[in-house]
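So that you can map any letter, position 33 of the sequence shown is 33 in the working numbering, and since no number is skipped, the others follow by simple counting.
For every residue, glycine included, the Cβ atom is placed at its ideal position computed from N, Cα and C.
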Amino acid sequence: MRKTYTTTQGDMWDLIAKRLYNDEASLNVLLEANQRYADMVVFPAGVELDAPEYTAPVTSMLPPWRR
1 MRKTYTTTQG DMWDLIAKRL YNDEASLNVL LEANQRYADM VVFPAGVELD
51 APEYTAPVTS MLPPWRR
C-alpha cells in the first residue's frame, strides 16, 4: 500500500519531514520521491506527496539534546 501525505497551506519540506519521520533532515527522502515538486518551497493546500518508508539512522554521535 502506497503511503501519501496531503499538504496544508504553508507546509514546507522540513515541516512535512518532521511530521512524517520525526526528523527534519529526512526531507531529502521526500524530495527524491517527489521530484516534480522539487521547485516548491511553500506548498498550497491539497498537494498529494508520496511518503516512502524511512527510518532515521541511529547514531551515538549526537549531542544529548538530540538523543
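Residue i and residue j closer than 8 Å at C-beta
i, j, result
"residue 51", "residue 18", "no"
"residue 37", "residue 47", "yes"
"residue 56", "residue 23", "yes"
"residue 9", "residue 63", "no"
"residue 49", "residue 34", "yes"
Outcome for residue i when other beta-carbon atoms lying within 10 angstroms are tallied against a minimum of 16
i, result
"residue 6", "exposed"
Residues of its chain near residue i, where Cβ-Cβ distance is below 8 Å and the 5 sequence neighbours each way are ignored
i, result
"residue 27", "13, 14, 16 and 17"
Sequence-distant residues of the same chain with beta carbon closer than 6 Å to residue i, five excluded per side
i, result
"residue 54", "21, 26 and 29"
Identify every run of the beta strand (DSSP E) within the segment 20-60, keeping only runs that are complete inside it and at least 3 residues long; order them along the chain. 48-50
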